Amino acid sequence: MKTFKLENGPKKDSGFKTPDNYFENFSANLLQKLSEEPVAKETKVVSIFRKRKTVLMAIAAVFVLAVMIPIAYQINTKTKEVDTVTLENYLAEETNLNQDELISEIEPKNSTIISKTKELESETLEDILVTNPNIENLVIEN
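Under this note's numbering, the residues of the sequence shown are numbered 258 to 399, in order.
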């Protein structure tokens with residue numbers, strides 16, 4: 258590589274030059290330009306609080322909806338059906354019907370459900386009777 262000598266290389270002039278007597282007349286020129294320019298009008302200022310208020314209102318609305326939707330859902334989804342325990346207690350205490358009369362009152366479409374549940378294998382029935390010490394409670398006679 259060739260050695261480079263700074264002193265022997267071509268010299269470049271600076272890219273920027275100031276006019277003659279620029280800094281001597283600078284303050285006079287500046288005062289003259291300031292007196293010529295009209296006073297700028299005040300710019301309109303948009304309040305930050307207005308935007309903040311709308312954002313806070315939106316957040317509050319979302320919070321209210323987040324709280325009210327589950328409450329409304331729970332109120333509307335309460336079942337109107339009577340549970341089986343309540344129905345059994347009512348039928349046992351308030352009616353004078355025995356089991357045969359209750360079965361005869363059941364609709365035919367519900368009787369198919371009952372007949373399907375009655376179809377137990379004999380082995381399963383025997384296992385239940387052997388393992389249950391209170392066999393008398395299983396046999397209900399009216």
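Using N, Cα and C, we set each Cβ at its ideal position, and we do this for glycine too.
Keep in mind it's a predicted model, so treat the numbers as computed, not measured.
Asparagine 391 (DSSP reduced to helix, strand or coil): coil
- Reducing DSSP to helix, strand and coil, say where valine 303 ends up. Three-state result, valine 303: coil.
- prompt: Grouping DSSP H, G and I as helix and E and B as strand, with all else coil, what is leucine 288?
  reply: helix
Quiz item: Any heavy atom of the ligand MN closer than 7 Å to the CB of threonine 275?
Solution: Annotation note on the ligand MN: not contained in the displayed structure, which lists no ligands.
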